[in-house]
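J.: Per numbering that gives the first Met the number 0, the very first residue in the sequence shown carries number 0; after that it's consecutive. By construction, the Cβ of each residue, glycine as well, lies at the ideal position given by its N, Cα and C atoms.
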Amino acid sequence: MTEVTNVLKPDPEPCVCGCALVGRPRKKVWAGETVGHVAKCPCRRCKGGRQSPKARRREHRIAKDLGGERMALSGALSGVDVTGPVDVEETAQVNLVRGLFRWWNSRQIQRKVGRLMARRLLPRAFVCWDPESRGRRGLVVMEYGDFISLVKQATKEAA
Numbered sequence: 000m001t002e003v004t005n006v007l008k009p010d011p012e013p014c015v016c017g018c019a020l021v022g023r024p025r026k027k028v029w030a031g032e033t034v035g036h037v038a039k040c041p042c043r044r045c046k047g048g049r050q051s052p053k054a055r056r057r058e059h060r061i062a063k064d065l066g067g068e069r070m071a072l073s074g075a076l077s078g079v080d081v082t083g084p085v086d087v088e089e090t091a092q093v094n095l096v097r098g099l100f101r102w103w104n105s106r107q108i109q110r111k112v113g114r115l116m117a118r119r120l121l122p123r124a125f126v127c128w129d130p131e132s133r134g135r136r137g138l139v140v141m142e143y144g145d146f147i148s149l150v151k152q153a154t155k156e157a158a
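(1) If you scan the segment 130-154 from start to end, which runs of the beta strand (DSSP E) of 3 or more residues do you find wholly inside it?
(2) Any idea what DSSP makes of Val96, helix, strand or coil?
(3) Could you tell me which of Ile61, Ile108, Arg118 sits nearest to Val79, measuring between CA atoms?
(4) Could you give the distance in angstroms between the alpha-carbon of Leu95 and the alpha-carbon of Glu68?
(5) Would you mind working out which of Asp10, Arg56, Ala19 sits nearest Ala71, comparing C-alpha positions?
(6) For Gly127 versus Val140, is the C-beta distance shorter than 8 Å?
(7) Would you identify the three-state DSSP class for Cys45, choosing helix, strand or coil?
(8) Quick check on Ser73: buried or exposed, where buried means 16 or more other Cβ atoms within 10 Å of its Cβ?
(9) What span of residues does the alpha helix (DSSP H) with Val15 cover, start to end?
(10) State buried or exposed for Phe100, treating a residue as buried only when at least 16 other CB atoms are found within 10 Å of its CB.
(11) Please name the residue in Ser105, Gly83, Gly98 whose C-alpha comes closest to that of Lys151.
Shown next as structure tokens:
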């Protein structure tokens, strides 16, 4: 009788980074390694800390511009990113930001905003109302420079 061996799936192995996980290695191999890490490996390389430093820099810039401070562990705890005169949640999620900028740069919105942007002395904002809320819920969209000047003006008046 012939012995049957399983050649389709590799045997479970410990992860190459020493994180104590045991499982099937992934096909993707990092540079300088010969075997891929196990699925759900918690090491920094697998989790990907590529976006975190960029987000931290953006949050520091917003905090400096507003005169506030960046909250420690803002990304890890999903809290407010910047606190000060205004609490700010910052994002650079591609699917959200790309859609918002596509909407803002669309021909219809630019026609409506054109007259508003011609007024250079005052901070400008575009207010969008939710049609289902009958004028009770809305969003305010404004350019970053106008937002900073409005917050600084409001903090001067409050002091």
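T.: Walking through what the data contain:
(1) 137-140
(2) helix
(3) Per the Cα distances, Ile61.
(4) 25 Å
(5) Arg56
(6) The amino acid at residue 127 is misidentified as Gly; the sequence shows Cys. Yes, these two residues count as a Cβ contact at 8 Å.
(7) helix
(8) buried
(9) That residue, Val15, is in no alpha helix (DSSP H); it is neither H nor E in DSSP.
(10) exposed
(11) Considering only Ser105, Gly83, Gly98, the residue with the shortest C-alpha distance to Lys151 is Gly83.
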